[in-house]
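Under our numbering, the first residue of the sequence shown is numbered 9, with each subsequent residue one higher. Idealized CB from N, CA, C, for every residue including glycine. Inspection log for the structure reproduced underneath, given as structure tokens.
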Amino acid sequence: MKKFDLVVVGGGILGCAVASWASGLFEGKMAVVEREDRVAAHTSGRNTGVVHRPFYLDPAKKRAFAISAQASYGLWEDWAKRNGLPWSPVGTLEVAVEGEQLSVLKNYMRFAKENGMTEGETELLDPQDVAKLEPLVRCEGAILCRTDTAVDFAAFADSLMKVAMSNGVEALMGTRVVDLKEREEGVEVVLHDGGRLMAECLVNCAGGGAMDLAKMLGIARGYEDLHFRGEYWRVDEAFGRKLGHNVYSVPRHAEFPFLDPHFIVRSDGSREVGPNAVLVADPYSYQGFAKTALKSVPKLLERPILPKLRLMANPRFLSLVSQEWQSSISKSAMCERVRRFIPSLSPSLLTRRGIAGVRSSVIDEDGFVPEAIELESPHSYHVVNYNSPGATGAPAYSAYVLYKMMSGGQLDHMKRRSAGTIWDFDEVVSRFGKR
Ligand SMILES: Cc1cc2nc3c(=O)[nH]c(=O)nc-3n(C[C@H](O)[C@H](O)[C@H](O)COP(=O)(O)OP(=O)(O)OC[C@H]3O[C@@H](n4cnc5c(N)ncnc54)[C@H](O)[C@@H]3O)c2cc1C
């Protein structure tokens, strides 16, 4: 059986970032195990593509995401420039569609400051200011965030994987982990073709598959995940060009993973609307409705069942699920949700379906868990519920994960190397302790 000092499962943006840091910090035999034949084939390559500034993240409730987003912004900017990758600071208008949401915008201005954003990055606008900036947008008020930036996260992930490989990391692509067993000397990793690896230490960055892997080792009890597909529609080019910023609306149901679809300016200049959040059976259901809706019923009955029963008894949750399903079937229903703040958008201006990406949200007995969850076994470390703005925060959050593993002694078997990392590890992890 092939032995590794460190195995990272998952070649999404988080796994690639972990591998690039680890291979710069340590000497040792390392591998990334990825079920697809390329990195970022799933959520990391199927998202809105925005490096989010943390103005909307409550630092008390979403501490790790807020710090990661703030710390990673400069890292991504530097990385994009060094590697000639797309970096397009298009800015975002976060709009209050209803008057009562104006207080949320005020809170966001406070969060921006508390999260360390500079004063000029955000500005509170009244409806007249908004009309001057974006004449097609209707709202009661908005925050303009000038520094939200359109990028290509798949290209970011790919470039980090290349760094890891140049540091000697083996990329085991097209290799699916089907079982994990805790052994005295490490974690035995069983592969889809019957092959086996021994990982003295394993990091689970498997995105939508992370919960299943954690459960293979008997951890993550009390947690269950539900998968929500976010679908996008391409906007007619001439109409889309009339808007220059992303337009997001203040979430109406912050306790659930249902955001109203946004208007998005992609890094290649194309415009889209989306995503919705359609309940689907698994993290890879990118198309179809009837089959996946039916398949999601047994998922709802998987153990632990209590958190899901609570959700099912919540009429608001059920009505939102049904609204999301409608917007999956009907282009008009999707369009109607964006027309709340861009009234001149019509279904005929949504020219074709764009990509779709799946978010895997974890619930426990209190409902949806707001932060990423870290779990451990003697030879493994797991990140589940790593949702938006996870792609934004990946450079800093991955460093933080490694720092915690180092503090827990899980990486003591590897020698530190002097080759160096692409960013300053100590500086990045210090950001998590400063508050
Ligand atoms: C619709 C949508 C829009 C979003 N928009 C944004 C945004 O604009 N900005 C932002 O910052 N964040 C955004 N996010 C969140 C962000 O995309 C995710 O937080 C991030 O991509 C998660 O990265 P990851 O590496 O953890 O997961 P993934 O990208 O899902 O990677 C996990 C990898 O593990 C592999 N894997 C799974 N199981 C196994 C197995 N058993 N064996 C081997 N390999 C396995 C998968 O193939 C996959 O490649 C969005 C998310 C969604 C769903």
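Rounded to a whole number of angstroms, what is the C-alpha to C-alpha distance between residue i and residue j?
{"i": "Ala213", "j": "Gly20", "result": "The sequence given here has Cys at residue 213, not Ala. Those two C-alpha atoms are separated by around 7 angstroms."}
{"i": "Arg443", "j": "Ala48", "result": "Unreliable placement is indicated for Arg443, whose pLDDT of 43 sits below 50; no coordinate value is reported for it."}
{"i": "Gly107", "j": "Ile337", "result": "30 angstroms"}
{"i": "Ser369", "j": "Ala162", "result": "21 angstroms"}
{"i": "Asp220", "j": "Gly416", "result": "24 angstroms"}
{"i": "Asn393", "j": "Pro265", "result": "12 angstroms"}
{"i": "Leu101", "j": "Lys140", "result": "13 angstroms"}
{"i": "Arg274", "j": "Pro97", "result": "10 angstroms"}
{"i": "Ile326", "j": "Lys316", "result": "Per the sequence shown, residue 326 should be read as Leu rather than Ile. Distance between the alpha carbons of Leu326 and Lys316: 11 angstroms."}
{"i": "Ala120", "j": "Thr157", "result": "16 angstroms"}
{"i": "Tyr389", "j": "Ser356", "result": "48 angstroms"}
{"i": "Phe433", "j": "Pro306", "result": "43 angstroms"}
{"i": "Met181", "j": "Ala218", "result": "17 angstroms"}
{"i": "Phe492", "j": "Ala222", "result": "Here the chain comprises residues numbered 9 to 443, so residue 492 is not present and cannot be evaluated."}
{"i": "His261", "j": "Leu267", "result": "7 angstroms"}
{"i": "Tyr408", "j": "Gln136", "result": "43 angstroms"}
{"i": "His235", "j": "Ala404", "result": "25 angstroms"}
{"i": "Ser76", "j": "Val145", "result": "31 angstroms"}
{"i": "Ala27", "j": "Ser385", "result": "20 angstroms"}
{"i": "Thr51", "j": "Val138", "result": "32 angstroms"}
For the alpha helix (DSSP H) holding residue i, just list the boundary residues, first then last.
{"i": "Ile337", "result": "Pro323 to Ile337"}
{"i": "Ile363", "result": "Element bounds for Ile363: not the alpha helix (DSSP H) but the beta strand (DSSP E), Leu358 to Asp372."}
{"i": "Met4", "result": "Only positions 9 to 443 of the chain appear in the structure, and residue 4 is not among them; the question remains open."}
{"i": "Cys24", "result": "Ile21 to Leu33"}
{"i": "Glu310", "result": "Segment: none, Glu310 is in no alpha helix (DSSP H) and carries neither H nor E."}
{"i": "Leu287", "result": "Taken as a continuous stretch (DSSP letters only), Leu287 belongs to no alpha helix (DSSP H), being part of the beta strand (DSSP E) at Val286 to Val288."}
If I follow the unbroken beta strand (DSSP E) through residue i, where does it start and stop?
{"i": "Asp187", "result": "Val185 to Arg191"}
{"i": "Leu383", "result": "Ile381 to Ser385"}
{"i": "Ser388", "result": "Ser388 to Val392"}
{"i": "Thr100", "result": "Thr100 to Ala104"}
{"i": "Ile272", "result": "His270 to Val273"}
{"i": "Val15", "result": "Leu14 to Val17"}
{"i": "Met38", "result": "Met38 to Val41"}
{"i": "Arg444", "result": "The shown model of the chain, from 9 to 443, leaves out residue 444, and the question about it has no answer."}
{"i": "Glu178", "result": "Glu178 to Leu180"}
Please find out if some non-hydrogen atom of ligand 3 comes closer than 7 angstroms to the beta-carbon of residue i.
{"i": "Thr155", "result": "Among the ligands present in this structure, namely ligand 1, ligand 3 is not found."}
Exercise. Three or more beta-carbon pairs under 8 angstroms between the stretch 414-426 and the stretch 34-41, yes or no?
Worked result: yes
Exercise. Three or more beta-carbon pairs under 8 angstroms between the stretch 245-263 and the stretch 284-295, yes or no?
Worked result: no
Problem set entry | Inter-stretch contact (C-beta, 8 angstroms, three-pair minimum) for the stretch 59-78 and the stretch 186-201 | no
For this session: Would you check if there are 3 or more beta carbon pairs closer than 8 angstroms linking the stretch 108-125 to the stretch 148-165?
Result: yes
Problem set entry | alpha helix (DSSP H) runs wholly inside the stretch 115-170, at least 4 long, in chain order | 135-141
Exercise. Curious, which full-length beta strand (DSSP E) runs of at least 3 residues does the stretch 202-266 contain?
Worked result: 204-207, 210-212, 232-243 and 254-257
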